[in-house]
Each structure stands twice: as C-alpha cells, then as structure tokens.
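Okay, so the sequence shown: first residue is 11 according to this note's numbering, each after it adds one. Okay, so here's the structure we're looking at.
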Amino acid sequence: MRSVLLGLLLILPILSGVAVAHEPDTFTVIVREDRHDPSEVSLVVNDTVQYYNVDSRENVTHTIGLDLNGDNDFDDEGEFSSGVLHSECDWDNDTDCRVAWIFVINDTALVGNYILSDIRSDGAEIEVRLNIAADVHIENAPDIGECFGDCEEDEEEPKMKRSSQTDVQKVMMLAGLTMFGGASVLLLAMIMQRS
Numbered sequence: 011m012r013s014v015l016l017g018l019l020l021i022l023p024i025l026s027g028v029a030v031a032h033e034p035d036t037f038t039v040i041v042r043e044d045r046h047d048p049s050e051v052s053l054v055v056n057d058t059v060q061y062y063n064v065d066s067r068e069n070v071t072h073t074i075g076l077d078l079n080g081d082n083d084f085d086d087e088g089e090f091s092s093g094v095l096h097s098e099c100d101w102d103n104d105t106d107c108r109v110a111w112i113f114v115i116n117d118t119a120l121v122g123n124y125i126l127s128d129i130r131s132d133g134a135e136i137e138v139r140l141n142i143a144a145d146v147h148i149e150n151a152p153d154i155g156e157c158f159g160d161c162e163e164d165e166e167e168p169k170m171k172r173s174s175q176t177d178v179q180k181v182m183m184l185a186g187l188t189m190f191g192g193a194s195v196l197l198l199a200m201i202m203q204r205s
C-alpha cells in the first residue's frame, strides 16, 4: 500500500502539468502630511493598492484620484477617486467615514501609467504615481513557421570527416607503435630470463 501511495506521489506532479500564475499582491501607501510613502507604486492587474491616511493635522483631509481635465474634482467620465480620507473616524456617528482607500485593480482597461492627484482640504496638491501593467503569462509555444506535432523532419546527410593526418604520418605512427611493442616484449623476456 505504501509503495502505491509513494508511486502516486511521485507520478502526480508529472501528470498534473506545470502552471505559473501571478499571485495577487496588496501594496500599502502611507499618506503623510507632505508626501506619500512610497510616492510611486508599480503593480499588475489583479493587485490591490491601499492608500492609508496618517496625516493627523486637525481638519485636514485627503482625496486621491485621477483628475483627467484638471478641474480638481473626480466626477468626470474616466475619473475615479478615494473619496474623502480622514486621519481618524467615529464610525458610531459617521458610518461613511474612511481612513483608507482600497483600490482593487481587476480590469485590464486600467493598464497604463497614471499621475494621481492628492488634493488636501487645505488646497495643497501632491502628485502620486501609479503604474499598472498587464498580468502576462508567457507560454512556451513554437515560433511562427515552426512545426508543432507530427511534422516531417528534414534528415541531414552525414558529413564525412577528414582526418588531419596524412597517410605517411599514419604509417610512421604504426611503425613506431610496432617498434615500441617489440621492445617491450624483448625487455619483458630479458627480465624473465634473469629471474
């Protein structure tokens, strides 16, 4: 029974094939008084970026988003935003209050490089960079024009190799080996005769 189980454990990975995929990641950006840490985030589709506000100045909020036309709102077509981010919330009295924006990148239409605006309630603006790449899976496939499957292969004719030695050199080597062999036999005979 154990040998069957061991055999299955060894064969199963071979039969299952190989799959490579991107595991979704979550990136956290800390929203500070005068900057974001990090100021630029690069991720791929299916990742998540979370902007967390730690700017604890009184009555200062942040709104982060894409303002395509520069009108300081995020209401136009193709624009998006975090909504107002506070440094702390009283959820008992304000259930819509937020301290973080969790932006899930799950649409390939979002692939590109963006300069987001962080517009603070005091009127200041900070640029934030967001780079979104496609989640590309490279498959090992034949190149265009290559054969895949049952194809006739061109057989190459075996090439004749030429020796770098001339016939005279071959005869001289044969004669030298013969002489060496003869001398060895004579030496062996002399040693045996003395003992």
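The C-beta atom is built at its ideal place from N, Cα and C for all residues, glycine as well. On a predicted model such as this, the values are computed, not experimentally measured, just so you know.
{"Query": "Answer with buried or exposed for S127, where buried requires no fewer than 16 other C-beta atoms within 10 angstroms of its C-beta.", "Result": "buried"}
{"Query": "Rank V54, T36, R42 by C-alpha distance to the C-alpha of E137 and give the top, closest one.", "Result": "R42"}
{"Query": "Using alpha carbons as the reference points, say which of D57, E135, H72 lies closest to G80.", "Result": "E135"}
{"Query": "So, do the region 81-91 and the region 51-59 have three or more beta carbon pairs nearer to each other than 8 Å?", "Result": "no"}
{"Query": "At what residues does the beta strand (DSSP E) containing T73 begin and finish?", "Result": "72-76"}
{"Query": "Apart from the five residues on each side of it in sequence, which residues of its chain come closer than 6 Å, Cβ to Cβ, to V94?", "Result": "T71, T73"}
{"Query": "If distances are taken between C-alpha atoms only, which option among D145, V109, S91, R139 comes closest to N116?", "Result": "D145"}
{"Query": "Do W111 and S97 have their beta-carbon atoms positioned less than 8 Å apart in this structure?", "Result": "no"}
{"Query": "Output the boundary residues of the beta strand (DSSP E) element that contains G122.", "Result": "122-130"}
{"Query": "Determine the burial state of H46: buried for a count of at least 16 other Cβ atoms within 10 Å of its Cβ, exposed for fewer.", "Result": "buried"}
{"Query": "Confirm, please, whether the CB-CB distance from N141 to V51 is below 8 Å.", "Result": "yes"}
{"Query": "Check A143 in the structure and name its three-state DSSP category.", "Result": "strand"}
{"Query": "According to DSSP, is T118 helix, strand or coil?", "Result": "helix"}
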